[in-house]
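One structure is given here, and the rest of the page talks about it.
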Amino acid sequence: MANITFTMIKPDAVAKGHIGDILKDITDAGFKIKAAKMTQLAKQDAEAFYAIHKERPFFKDLVEFMTSGPIVAAVLEKDNAVADFRTLIGATNPAEAAEGTIRAKYAESIDANAVHGSDSDENAAIEAAFHFAAKEIF
Ligand code: GDP
Ligand code: MG
């Protein structure tokens, strides 16, 4: 599924009322929404999703932040989805994110940075399957 990526609109952006703005930026950029839902991660969900970061000093803060409120999880389709979506969202730190990117427009800080985007085709498939059953991806 090299044309698939996975995203979450993170708790900061949901709390600030940016679900609609961000989904519009995503579809305007040519992504098709294949799956979407509003949900809230339990502590063990966030720990499993971000297991790759478990030795990083910010892991506990990251889990706390990602469980602090509802998120919107979605599977997106486009040619070159993973790389093009990383371009659309901008750098992890919004202070370094290019003008017009989702993080430049809506993120607050390096931790509360509005959106997640998969970093490889392999992780996109794993992350989509983490959040959605096959029959929920259209
Ligand atoms: P991403 O792929 O751009 O989301 O960035 P990473 O995979 O490096 O990090 C995952 C997430 O951890 C980021 O999106 C941030 O929410 C959070 N994060 C990254 N670096 C830091 C940091 O230095 N401090 C804190 N508190 N959170 C961070
Ligand atoms: Mg990452």
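Here full-length UniProt numbering is used: the first residue of the sequence shown is 1, the next is one more, and so on.
All C-beta atoms, glycine included, are put in the ideal place defined by N, C-alpha and C.
Keep in mind that this is a model prediction, so the values were computed, not measured.
- For Gly20, the secondary structure class from DSSP, reduced to helix, strand or coil, is helix.
- Fewer than three beta-carbon pairs drawn from the region 10 to 19 and the region 55 to 63 are found closer than 8 Å, and the two stretches are therefore not classed as touching.
- Beta-bridge partners of Met38 (DSSP): Val72.
- Per DSSP, the continuous alpha helix (DSSP H) segment holding Phe49 begins and ends at Lys43 to Phe49.
- Straight across, the Cα-Cα distance linking Ile4 with Leu76 is about 6 Å.
- In the three-state reduction of the DSSP assignment, Phe59 falls in the helix class.
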